[in-house]
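**Student:** This is the structure I want to talk about, given as structure tokens.
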Amino acid sequence: MDHIAVVGAGQAGASAVETLRKEGFAGRLTLWGDEPHLPYQRPPLSKAYLLGEMERERLYLRPRTFYDEHGVELHLGERVTALDPAARTLTHGGGTEGWDAAILATGSAANTLPERCTAGLPGTRVIRTLADIDALAPEMVPGRRLLVVGGGYIGLEAAAVARKMGLEVVLVELSARLLSRVACEETAAWFRALHRDHGVDLREGVGLDTLLGGGRIEGARLTDGTEIAVDLVLAGIGAHAVTDLAEAAGLTCANGVVVDEMGRTSAAGVWAAGDCAAFPWKGDHVRLESVPHAIDHAQAVARNVLGAEAPYVAKPWFWSDQYEVKLQIAGLNTGFDRVVVREDAGRSHWYYAGDRLLAVDAMNDPRAYMVGKRLIEAGRSPDPAAVADGSVPVKNLMA
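For what it's worth, the working numbering labels the leading residue of the sequence shown as 14, then goes sequentially.
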């Protein structure tokens, strides 16, 4: 194998090229990214970086010298416009390149508000890329009025940062409650109280109808008919897999680029990893958007490109920082039928399907998170009554 091309210079792409070199691949290795920046961390963008607590250089996963020393050809700010699996070529602004294997690590992109809601007014922001945050930062002025659309983790994190920066915040969530797609009512209630305690005006079951203003955003009409004064709007309404390139190449896509347990797509020689990939999980295909998954999946796929033939086994875990709270999530809660609440050093919510533990949400309770994570990975389920008894040391749940 002479040339491996990695398309997408985010966390997964960077992890893939690093693993390929670590595992002994000595051929030509190229990394293609739409953005002009070195691969960087995304989680600090909307928190430490936006708050001015982290310099840009600290965002980079590796310095440029790392890629130079490891013989990785960086093609940053160069969009791959076509992929031809039959000819094993990719097309970019400068021409066409041949490859022996290609790894798609194109990630995900932020969902944007429909045009009927924005009314053609400029100034609606999303949080996804370094450019997004650089455009947003000058507008985050104390005293300004921010409307956050979306009550998932993206929207809640944005609201928390905005309050810390001194903005007035209204957050609307069209569903009946916060976190309706990703967390139980107990977790939603806990974060609802947290944000209201910090002065966020939360409105559930209400969405954005349309923005108001003469050439710039001056207000918003909500779906309940209420009109509010607004200076800035931030959309936190989720993300979608970037599959344009894969779809045009004829690859099978369904909520992501569909891959097998090794990371192979429907086209020979083409692989996919990270946020953009829909991989096998307990009889279905799922797509995860998290840094740990992007790293682990990319590493596994890179090894399989080199012949490891080792199925990827996901170990889902996530986190969210809001104000002084660190939420840590282990597992996937899909299919739960009850939630066990544990009050200990912190608070945790344990998701069960029957007697089987599926997931844990831990708020400022790293011990509960670590124990829950180990239990889930081992396929073990503690007695729910013991979980609910805060007098039982959480480590005893491992017994």
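Every residue gets a Cβ at the ideal spot worked out from N, C-alpha and C, and that includes glycine.
1) Tell me which residues share the same chain as R380 and place their Cβ nearer than 6 Å to its Cβ, disregarding the 5 neighbours each side in the sequence.
2) Have a look at A343, D244, V85 and N317 and flag the residue whose alpha-carbon is nearest the alpha-carbon of A286.
3) So what's G110 in DSSP terms, helix, strand or just coil?
4) Determine the closest residue to A343 out of A323, L371 and F349, with distance taken between C-alpha atoms.
5) Taking the alpha carbon of R101 as the reference point, which residue from E70, V19 and R34 has its own alpha carbon closest?
6) Note down, in chain order, each residue of its chain lying with its Cβ closer than 6 Å to the Cβ of W332, except the 5 sequence neighbours on either side.
7) For T131, which of helix, strand or coil comes out of DSSP?
8) Taking the alpha-carbon positions, what's the L96 to P127 distance?
9) For the 8 Å Cβ check, are there 3 or more pairs between the stretch 69-83 and the stretch 245-254?
10) Could you work out which residue in E66, A315 and P151 is closest to A29 when comparing CA atoms only?
11) If we require 4 or more residues per run, which alpha helix (DSSP H) segments fall completely within the stretch 217-288?
12) State buried or exposed for S303, treating a residue as buried only when at least 16 other CB atoms are found within 10 Å of its CB.
13) Can you have a look at D309 and say buried or exposed, based on whether 16 or more other CB atoms are within 10 angstroms of its CB?
14) Using DSSP's beta-bridge definition, name the partner residues of L117.
15) Can you look up E337 in the DSSP assignment and give me helix, strand or coil?
16) What's the C-alpha gap between G3 and L221?
17) From G367 to S394, what distance separates their C-alpha atoms?
18) To which residues of the same chain is N377 closer than 7 Å at the C-beta, ignoring the five residues directly before and after it?
19) DSSP state of H208, grouped into three classes?
20) Beta-carbon within less than 7 Å of A201's beta-carbon, same chain only, minus the 5 sequence neighbours each way: which residues are those?
21) Start and end of the alpha helix (DSSP H) containing A398?
22) Measuring straight from C-alpha to C-alpha, what distance separates H88 and L160?
23) For V139, which residues does DSSP report across the bridge?
24) For I342, which beta-bridge partners are listed by DSSP?
25) Checking the sheet assignment: what are the DSSP bridge partners for Y73?
26) Three or more C-beta pairs closer than 8 Å, one from the stretch 133-149 and one from the stretch 50-58: is that the case here?
27) Count the C-beta pairs between the stretch 223-242 and the stretch 272-286 that are closer than 8 Å, then say yes if the count reaches three, no if not.
28) Using DSSP with H/G/I as helix, E/B as strand and the rest coil, what is Y382?
29) Out of R92, A259 and R369, state which residue places its alpha-carbon closest to the alpha-carbon of G108.
30) Would A172 and V219 be called neighbours here (beta carbons separated by less than 8 Å)?
31) What does a CB cutoff of less than 6 Å around E110 pick up in its chain, not counting 5 residues either side in sequence?
32) Would you tell me roughly how many angstroms separate the C-alpha atoms of R234 and C130, rounded to the nearest one?
33) Mark R205 as exposed unless 16 or more other C-beta atoms lie within 10 angstroms of its C-beta, in which case mark it buried.
34) With C-beta atoms as the reference, is L258 less than 8 Å away from E240?
35) Please go through the same chain and pick out, in chain order, the residues whose beta-carbon is closer than 8 Å to the beta-carbon of N409, but skip the five residues on each side of it.
36) Kindly indicate which three-state DSSP category E186 falls into: helix, strand or coil?
**Tutor:** Taking the coordinates as given:
1) Numbered from its first residue, the sequence shown carries residue 380 at position 367. Only residues of its own chain outside the window of five on either side were considered, and among them V407 have a CB closer than 6 Å to the CB of R380, listed in chain order.
2) Along the sequence shown, one-based indexing puts residue 286 at 273. It is N317.
3) Counted from its first residue, the sequence shown places residue 110 at position 97. Per the sequence shown, the amino acid found at residue 110 is Glu instead of Gly. In this structure, E110 counts as strand in the three-state DSSP scheme.
4) The residue given as residue 343 occupies position 330 in the sequence shown. Nearest of A323, L371 and F349 to A343, Cα basis: L371.
5) Stepping through the sequence shown from its first residue, residue 101 is reached at position 88. Nearest option by C-alpha distance: V19.
6) For the purposes of this step, residue 332 is identified with residue 319 of the sequence shown, where counting begins at 1. Excluding residues within five positions, the ones whose Cβ falls inside 6 Å are Q341.
7) In the sequence shown, counting from the first residue as 1, residue 131 sits at position 118. T131 sits in a helix when the DSSP states are folded into three classes.
8) Start at 1 with the first residue of the sequence shown, and residue 96 comes out as number 83. Start at 1 with the first residue of the sequence shown, and residue 127 comes out as number 114. Rounded to whole angstroms, the separation of the alpha carbons of P127 and L96 is 30 Å.
9) Result no; under three Cβ-Cβ pairs closer than 8 Å.
10) Locating residue 29 in the sequence shown gives position 16, counting from the first residue. Nearest option by C-alpha distance: A315.
11) Fully enclosed alpha helix (DSSP H) runs of 4 or longer: 257-261.
12) By 1-based counting over the sequence shown, the position of residue 303 is 290. With a 10 Å radius around the Cβ and a threshold of 16 neighbouring Cβ atoms, S303 comes out buried.
13) Residue numbering aside, residue 309 sits at position 296 when the sequence shown is read from its first letter. With 16 or more other Cβ atoms within 10 Å, it is buried.
14) Along the sequence shown, one-based indexing puts residue 117 at 104. The partner list for L117 (beta bridge, DSSP) reads V20 and A285.
15) Indexing the sequence shown from 1 puts residue 337 at position 324. Coil at E337, not helix or strand.
16) Since the first residue shown for the chain is 14 and the last is 412, residue 3 is missing from the structure and cannot be characterised.
17) On the sequence shown, residue 367 is found 354 positions in, with the first residue counted as 1. On the sequence shown, residue 394 is found 381 positions in, with the first residue counted as 1. Going by the C-alpha atoms only, they are around 10 Å apart.
18) Position 364 of the sequence shown holds residue 377. Excluding its 5 nearest sequence neighbours in each direction, N377 has C-beta neighbours in its own chain below 7 Å: V338, K339 and G359, listed in chain order.
19) Stepping through the sequence shown from its first residue, residue 208 is reached at position 195. The three-state reading of DSSP puts H208 in helix, counting H, G and I together.
20) Counted from its first residue, the sequence shown places residue 201 at position 188. These residues qualify, in order along the chain: R190, L191 and L192.
21) Position 385 of the sequence shown, counting from 1, holds the residue named residue 398. Element bounds for A398: P397 to A401.
22) On the sequence shown, residue 88 is found 75 positions in, with the first residue counted as 1. On the sequence shown, residue 160 is found 147 positions in, with the first residue counted as 1. Rounded to the nearest angstrom, the two C-alpha atoms are 37 Å apart.
23) To locate residue 139, count along the sequence shown from 1; it is residue 126. Paired residue(s): A248.
24) Taking the first residue of the sequence shown as position 1, residue 342 is located at position 329. F331 and D374, per the DSSP bridge assignment.
25) Walking along the sequence shown from the start, residue 73 turns up at place 60. In the DSSP output, where bridge partners are listed per residue, Y73 has Y53.
26) Output reads yes: the stretch 50-58 touches the stretch 133-149.
27) Under the Cβ criterion (8 Å, minimum of three pairs), the stretch 223-242 does not count as touching the stretch 272-286.
28) Position 369 of the sequence shown, counting from 1, holds the residue named residue 382. Helix.
29) Locating residue 108 in the sequence shown gives position 95, counting from the first residue. If we check each option's Cα against that of G108, R92 comes out closest.
30) Locating residue 172 in the sequence shown gives position 159, counting from the first residue. Locating residue 219 in the sequence shown gives position 206, counting from the first residue. Contact flag unset, no.
31) Along the sequence shown, read from residue 1 onward, the residue named residue 110 stands at position 97. Excluding residues up to 5 positions away in sequence, L103 lie with their Cβ nearer than 6 Å to the Cβ of E110 in the same chain.
32) Taking the first residue of the sequence shown as 1, we reach residue 234 at position 221. Taking the first residue of the sequence shown as 1, we reach residue 130 at position 117. Between the alpha carbons of R234 and C130 lies a gap of roughly 9 Å.
33) One-based indexing of the sequence shown puts residue 205 at position 192. Result: buried.
34) To locate residue 258, count along the sequence shown from 1; it is residue 245. To locate residue 240, count along the sequence shown from 1; it is residue 227. E240 is positioned such that its CB atom lies no closer than 8 Å to that of L258.
35) Start at 1 with the first residue of the sequence shown, and residue 409 comes out as number 396. Counting only Cβ-Cβ distances below 8 Å, and skipping sequence neighbours, we find A399.
36) Residue mapping note: residue 186 aligns to position 173 of the sequence shown, counting from 1. Annotated three-state conformation of E186 is strand, per DSSP.
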